[in-house]
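Residue numbers (the numbering used here), protein chains in the order written: chain A, 124 to 374; chain B, 124 to 374.
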């Protein structure tokens, strides 16, 4: 049988605000465009709409930068309030060099400005923060989608980050519910009978990247359905994907 | 309009050997399973079949390890000939620690053992090397596919690598033809009228990840068609994606 996966963008989501029923709106938008959710779909959602729904919005003018943020931002020509917010969202600074502030977030993720971002936010001088508990956010949406549609789906929340060594950003998973974040092939045999060793695949990151193909950056497509992908529906937590410090050669 | 992208695995490719007409075999396999290639498709192919076709296969028993490879391999319980081959395929060692040899390949890629790999190779004690010129390999397949089908398609060659900070491997692009490897949104405006700053997307890596969803590690699905994705058909080279040393904070 020919394996096939469909990536379907969810269009026409209205502007969300704190307290919006994101699951209900997504279910309705998917139905309205003729692609209602089905059992076993994976629903991939950008962090931006989740953060807006959860009120993770900050007016930069209300932030008083620390002396460190003030000084470094001035040196690098960056907005001090944004740098201050990024430091507040971090548990460790990994690099602060050549105009780039790259930190470890409270969740254990590594990204520029701790995921604090001013694009795709209505109004001026507003920034979004990453959800406080992205796995919890994913569980809430998953529960809401079950209520709205009667179907069990997996939910992945994503953000776009740079990587060492390679130009360009790609989509990464930051929260997951209803799906195992890693697929483990270790101990299995390849078609030639050799045991596979280094094959634990970060499937949620691959699903995040796949979804970006229909999302773009300019269009109002903040979510996508991945249909036809078989996944393990065990409880997922992004913490399974965070590499322990002592095993990481590039902190 | 609902944006939709289809990821279709190409099944039933026969075992390839040095000199096989990979493009012809892929075109035929796609046709045989009822999903013939179409104009504008992106064809994503794993490094493994490309390397086999190009004869990038090495019998590990023919390799004499250097003293460094010998000593480190013994300490870490790794095969010395594999470590030696990995060093030969590298232009710089980035990390050699806790059992992991991570180098910069001659192409400028960062991966474990410089991409030298013993899985999914027929016979015992055989390893594949990455293609010498993956962009060239992609161009050759693209040309062959045009000849076999009459259609212009883009071609991406992939390998699976680990990443700093995150557990699990994902698929990355190592060669490209007929597609711009980066999509640049800088200077464009988001739906709220704010200029986008940090938005250059490594689309070939996202396409590589998407293709992995139908490839798996155990099934004989060494290639996939991505259909419905609009891309810039300018000449691509993976070198556009290799970050210059002086701009990289994590070498």
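For each residue, glycine too, the CB sits at the ideal point set by N, CA and C.
These figures come from a predicted structure and were not determined experimentally.
Beta-carbon to beta-carbon, residue 210 of chain A and residue 250 of chain A are separated by about 13 Å, too far to satisfy the 8 Å threshold. Residues of chain B whose Cβ lies closer than 8 Å to the Cβ of residue 335 of chain A are, in chain order, 324, 329. As computed with DSSP, residue 225 of chain A is found in a beta bridge with A:218, A:235. When only Cα atoms are considered, residue 338 of chain A and residue 152 of chain A end up about 15 Å apart. The beta-carbon separation of residue 280 of chain B and residue 131 of chain B, rounded to 18 Å, does not stay under the 8 Å limit for a contact. In the displayed model, residue 249 of chain B falls within a strand according to three-state DSSP. When A:274, A:304, A:173, A:328 are compared, the shortest CA-CA separation from residue 139 of chain A is found for A:173. Under the three-pair Cβ rule at 8 Å, the stretch 211 to 230 of chain A does not count as touching the stretch 265 to 283 of chain A. Residue 213 of chain B carries a strand assignment under DSSP once its states are collapsed to helix, strand and coil.
At a beta-carbon threshold of 7 Å, the residues of chain A lying near residue 156 of chain B are 125, ordered along the chain. At least one CB atom of chain B sits nearer than 8 Å to the CB of residue 244 of chain A. Beta-bridge partners assigned by DSSP to residue 312 of chain B: B:318. In terms of beta-carbon proximity, residue 371 of chain B lines the interface with chain A, with at least one pair separated by less than 8 Å.
A Cβ-Cβ distance of about 15 Å is found for the pair residue 323 of chain A and residue 302 of chain A, leaving them out of contact under the 8 Å criterion. Judged by pairs of C-beta atoms under 8 Å, the stretch 252 to 271 of chain B touches the stretch 293 to 302 of chain B, as three or more such pairs exist. By alpha-carbon distance to residue 313 of chain B, the top candidate from A:196, A:370, A:245 is A:245. Annotated three-state conformation of residue 289 of chain B is strand, per DSSP.
Annotation: residue 167 of chain B is outside any alpha helix (DSSP H); the continuous beta strand (DSSP E) that includes it extends over 165 to 169. For the stretch 283 to 302 of chain B, residues whose beta-carbon sits nearer than 9 Å to a beta-carbon of chain A comprise 283, 285, 286, 287, 288, 289, 290, 291, 292, 293, 294, 295.
A straight line joining the alpha-carbon of residue 124 of chain A with that of residue 134 of chain B spans about 8 Å. One finds nothing in chain B with a Cβ atom closer than 9 Å to the Cβ of residue 252 of chain A; even the nearest lies about 17 Å away. Exclusion of the five residues before and after residue 191 of chain A leaves 210 as the residues of its chain whose Cβ lies within less than 8 Å of its Cβ.
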